[in-house]
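Numbering (my numbering), first residue to last: 18 to 252. Just so you know, even glycine gets a beta-carbon here, dropped at the ideal spot from N, CA and C. Since this is a predicted model, take the numbers as computed values, not measurements. See structure below.
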Amino acid sequence: MDSFIHFLNANSGALTVVFTGFVTLATVFYAVLTGFLVRETRRMREVQTEPRVDVGYRMSAGAYGFLDITVCNIGQGPAYNIAFHIEQIEGDEAAAGLTEELGELGFVRRGLRYLSPGQEVSTFFTSMFERFDAKVASQVAITVGYANVLGKRYEERFVLDLSELKGMSRIGTPPMQAITKSIDELGKKLASISSHGRLRVDVWTADDREAEESQRRANIESARAGVDQQSDSRT
18 MDSFIHFLNA NSGALTVVFT GFVTLATVFY AVLTGFLVRE TRRMREVQTE
68 PRVDVGYRMS AGAYGFLDIT VCNIGQGPAY NIAFHIEQIE GDEAAAGLTE
118 ELGELGFVRR GLRYLSPGQE VSTFFTSMFE RFDAKVASQV AITVGYANVL
168 GKRYEERFVL DLSELKGMSR IGTPPMQAIT KSIDELGKKL ASISSHGRLR
218 VDVWTADDRE AEESQRRANI ESARAGVDQQ SDSRT
């Protein structure tokens with residue numbers, strides 16, 4: 018024990034330097050770690066308020082063979098001042114026609130002022146019953162630019178590749194389409210009845226009900242009278 022104390026006293030300066038070095042390294046490490054955590058926290062806050070506009074297409078729910086163009090804010094923050102730029106990548110005049118059809122859409126031509134988180138805008142795009150082979154060989158790019166609540170601008174590019182539709186099919190009738198068809202058929206039948214056919218309707222008024230009640234009472238009285246006559250003849 019005495020030798021250990023003597024060693025500490027003899028090397029106190031060196032030990033102080035060593036411990037000071039460890040404390041300095043630990044301080045630097047915690048400073049770097051704190052800076053990293055601050056940046057991550059700031060990044061997480063940005064993500065929580067950051068918009069993300071997605072552009073794509075999908076098969077129309079109302080009828081098979083028709084495509085809708087969709088613009089949706091899948092981010093967690095609102096998107097402002099959304100603008101679109103359309104360009105043809107591959108294809109012949111069919112691709113040029115698709116590019117023109119997209120450019121003529123109101124919200125594509127004028128842009129959108131605001132999209133809340135989860136909000137979607139969709140509209141009819143094109144029919145695949147017309148020039149299917151030419152359209153599935155087409156690729157159209159849409160570049161979308163937008164800003165967050167602080168005015169920071171974002172820009173993303175989406176490619177609409179219609180060749181993904183090759184070989185796709187659907188079995189059965191979609192529920193909404195079947196309901197719509199049934200309602201249309203019912204409406205046609207009702208219109209046919211009201212305009213060309215006649216319905217046999219029996220109308221009973223209050224006088225008719227009183228006359229029926231009087232007749233019923235008369236029948237009852239007549240029956241009772243017949244029973245009484247039979248009883249008297251037997252006696």
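Straight-line gap, residue i to residue j (C-alpha atoms, nearest Å)
i	j	result
PHE46	GLU57	17 Å
ALA111	SER77	20 Å
SER155	GLU107	5 Å
GLY92	LYS169	14 Å
PRO95	GLY204	43 Å
LEU167	ASN90	17 Å
LYS198	THR140	21 Å
ALA223	ARG233	15 Å
ASN165	PHE124	19 Å
LEU207	PRO134	44 Å
GLU118	GLU147	14 Å
ASN236	TRP221	21 Å
TYR131	GLY38	56 Å
ASP109	LEU115	10 Å
GLU137	LEU122	15 Å
ALA228	ARG241	20 Å
VAL40	THR33	11 Å
SER209	SER231	41 Å
ASP219	ALA195	36 Å
GLU173	ASP201	43 Å
ASP225	GLU238	20 Å
ALA43	VAL55	18 Å
VAL50	THR66	The residue you asked about is not Val; residue 50 is Leu in the sequence shown. If I take the Cα positions, the gap works out to 25 Å.
SER20	GLY52	45 Å
Whole-number beta carbon distance between residue j and residue i, since they are thought to touch under 8 Å
i	j	result
PHE142	ASP85	6 Å
PHE175	GLY73	7 Å
ASN98	TYR171	ASN98 to TYR171, Cβ: 11 Å. No contact.
Proximity of residue i and residue j at Cβ, strictly below 8 Å
i	j	result
LEU179	VAL153	yes
ALA158	GLU104	yes
LEU182	MET145	yes
PHE83	VAL161	no
THR87	ARG75	yes
ARG127	GLY120	no
Unbroken stretches of the beta strand (DSSP E), 3 residues or longer, contained in the region 101 to 188: Taking only runs of at least 3 residues, the beta strand (DSSP E) segments lying wholly in the region 101 to 188 are 129 to 132, 137 to 144, 156 to 164 and 170 to 178.
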